[in-house]
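What follows is a single structure, written as structure tokens, with notes after it.
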Amino acid sequence: MRYLPLTETDRSAMLARIGVASVDDLFVDVPDSARFDGQFDLPDHMAEFEVEQRMSAMATRNITTGDVPSFLGAGAYRHHIPASVDHLIQRGEFLTSYTPYQPEISQGTLQALFEFQSMVALITGMDVANASMYDGATSCAEAVLMARRVTRRNRAVVSGSVHPHYSTVTETQAKYVDIDIDILPPDLDGSEDLSGKIDDETACVVVQNPGVLGHVRDLSPLAAECQEKGALLIVVVTEAVSLGALRSPGEMGADVVVAEGQSIGNPQGFGGPYVGLFAAREKYVRQMPGRLCGETVDADGKRGWVLTLSTREQHIRREKATSNICTNAGLCALAFTIHLSLLGEDGFRDLATLNHARASQLADKLSEVPGVELLPEAFFNEFAVRLSRSAGEVVDELAAQNVLGGVPASRLFGKGQGLDDILLIAASELTTQDDMEALVARLTEVLA
1 MRYLPLTETD RSAMLARIGV ASVDDLFVDV PDSARFDGQF DLPDHMAEFE
51 VEQRMSAMAT RNITTGDVPS FLGAGAYRHH IPASVDHLIQ RGEFLTSYTP
101 YQPEISQGTL QALFEFQSMV ALITGMDVAN ASMYDGATSC AEAVLMARRV
151 TRRNRAVVSG SVHPHYSTVT ETQAKYVDID IDILPPDLDG SEDLSGKIDD
201 ETACVVVQNP GVLGHVRDLS PLAAECQEKG ALLIVVVTEA VSLGALRSPG
251 EMGADVVVAE GQSIGNPQGF GGPYVGLFAA REKYVRQMPG RLCGETVDAD
301 GKRGWVLTLS TREQHIRREK ATSNICTNAG LCALAFTIHL SLLGEDGFRD
351 LATLNHARAS QLADKLSEVP GVELLPEAFF NEFAVRLSRS AGEVVDELAA
401 QNVLGGVPAS RLFGKGQGLD DILLIAASEL TTQDDMEALV ARLTEVLA
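Per the working numbering, the very first residue in the sequence shown carries number 1; after that it's consecutive.
If you want it as structure tokens, here you go:
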């Protein structure tokens, strides 16, 4: 059976109403050079079980982070997710819910979002958080747009410690509203000095902690400099588990914190979907993007929840909207909330401590391998090393031996920037001693 809802009569009637003779006439604006002229190499038809077999065979050609020793990170981290998280988020009342426009029938969803916001505010050390964004990169871009609204300035300084994907997404969003984005070169040794970059026209300074190459910094002096110049300090966190071990950005004086929440409750998933975290000082709450869920009482005085602020173009006049983000990443935010609630404060700290311990063990082992130089002195669960060979070539050779050795810095920043021999290596609570020994042994062979 072919699942085509329209008959030839239906199509003819539609084309006649539009005023064209054929479907091809609808694509006259597409140049011939951009059109495919031929036949796709696909079977004419297959039974459902045959399609499943074919797709399964194709899928087995992938090497996943769960199949072999993996040290991949660079913004997407492999952590254990309790089975209860997946079970709970698939309950019908959560899985089928969407935007809670009607609070009288959406109390469960609204309470889950409220708890999510409370947890995000707690771990970032900020006053208020929204009900989530698409991902960490769009959160970063929205923070820069927010800084422009708050300061009425048009210049943003982006540290070399910021993940290049976050920088480019921010640059793409900002260029349409005439914000000048000053992206600094990669911060190789963690000694980047931003003080000379902040002037009276600077709306914000964006810095990542831990940095994309693993460096952990005390941002308090930078926060003080930003405050003196009237600029906002935006702190990016790509590894949310680090917030269980490091001083929170809020404690160090950040005005806005944006983060990727994938590490908590959400699998790597070949790149998504993920969940963006966004938190800020209370005085900026009306300039925050997305929406916020607030606590109230009903007519009987019972505790309840509502959408308190939803300054999106769907809800108010477009010119007054703070964001065109259409929705929050509700299901991913729910997974985040459930996982973090299962951990609790002590469990979250313990998880972070274990991640740092595993990375420290791995760094000690790798520092004894000839041809490997550890770059950051202080790091969380990811660090950069300088190799005696091209990192891209080394990674390919390791993968051929069933070890996912890390992410070459050149894959993030591009080639020709003096980073071709830099490799990012991540460890987590799932990294075993056998995994470490496998990497050390294979890397020793490859670099010999």
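For glycine and all other residues, C-beta sits at the position ideal for the given N, C-alpha and C.
Being a predicted model, the structure only gives us computed values, none of them experimental.
- Below 8 Å on the Cβ atoms is my guess for residue 238 versus residue 208; work out the distance and round it to an integer in Å. 7 Å
- What's the C-alpha gap between residue 330 and residue 131? 8 Å
- Message: For residue 254 and residue 95, what's the separation of their Cα atoms in angstroms?
- Response: 35 Å
- Query: Are residue 424 and residue 369 close, meaning C-beta to C-beta below 8 Å?
  - Reply: no
- Span of the alpha helix (DSSP H) holding residue 49? 48-59
- Task: Measure the Cβ-Cβ separation of residue 212 and residue 143 and say whether it is below 8 Å.
- Result: no
- Item | Range of the contiguous beta strand (DSSP E) that encloses residue 307 | 303-309
- Query: So what does DSSP say about residue 1, is it helix, strand or coil?
  - Reply: Confidence is the limiting factor: at residue 1 the pLDDT is only 46, short of 50, which leaves the residue's position unreliable, though a coordinate-based value still follows. In this structure, residue 1 counts as coil in the three-state DSSP scheme.
- Within 8 Å, strictly: CB atoms of residue 190 and residue 31: no
- Item | Candidates 405, 431, 63, of which the one nearest residue 358 by Cα | 431
- Task: Give a yes or no on contact between the region 197-207 and the region 143-161, applying the rule of three or more CB pairs nearer than 8 Å.
- Result: yes
- Item | Interface flag, residue 66 vs chain B, CB-CB below 8 Å | Absent from the structure: chain B. Only one protein chain is present.
- Between which two residues does the alpha helix (DSSP H) containing residue 433 stretch? 433-447
- residue 404 bridges to which residues according to DSSP? 70
- Helix, strand or coil at residue 337 [DSSP, three-state]: helix
- Query: residue 135 to residue 10, Cα distance in whole Å?
  - Reply: 41 Å
- First and last residue of the uninterrupted beta strand (DSSP E) at residue 259: 256-260
- Message: Could you pull the DSSP bridge partners for residue 383 from this structure?
- Response: 425
- Message: Taking the alpha carbon of residue 167 as the reference point, which residue from 153, 184, 67 has its own alpha carbon closest?
- Response: 184
- Task: Spell out a yes or no on whether the region 105-116 and the region 233-251 are touching, meaning 3 or more CB-CB pairs, one atom from each, closer than 8 Å.
- Result: no
- Query: Between residue 1 and residue 49, what straight-line distance do the alpha-carbon atoms span, to the nearest angstrom?
  - Reply: Interpretation of residue 1 is limited by its pLDDT of 46, a score under 50 that renders its predicted location unreliable; the figure taken from the coordinates is listed afterwards. In a straight line, the C-alpha of residue 1 is about 15 Å away from that of residue 49.
- According to DSSP, is residue 11 helix, strand or coil? helix
- Query: For residue 246, does the three-state DSSP call read helix, strand or coil?
  - Reply: coil
- Query: Can the beta-carbon of residue 261 be found closer than 8 Å to that of residue 278?
  - Reply: no
- Nonlocal neighbours in the same chain, by C-beta distance under 7 Å from residue 365, ignoring five residues either side: 436, 440
- Task: Just tell me which of 178, 259, 126 has its CA closest to the CA of residue 139.
- Result: 259
- Do residue 232 and residue 150 have their C-beta atoms within less than 8 Å of each other? yes
- My understanding is that residue 337 touches residue 115, with C-beta atoms under 8 Å, so please give their C-beta distance in whole angstroms. 5 Å
- Query: Nearest to residue 264 by alpha carbon, out of 288, 335, 325, 297?
  - Reply: 335
- Item | Those residues which DSSP pairs with residue 182 across a bridge | 157
- Supposed contact pair residue 187 and residue 220 - C-beta distance, whole angstroms, cut 8 Å: Not confirmed; about 18 Å, so no contact.
- If you check the beta carbons only, do residue 426 and residue 66 fall under 8 Å apart? no
- Message: Here's a check: name, in chain order, each residue in its chain whose Cβ is nearer than 6 Å to the Cβ of residue 113, leaving out the five neighbours to either side.
- Response: 131, 293
- Message: Do residue 70 and residue 404 count as a contact pair if the criterion is CB distance below 8 Å?
- Response: yes
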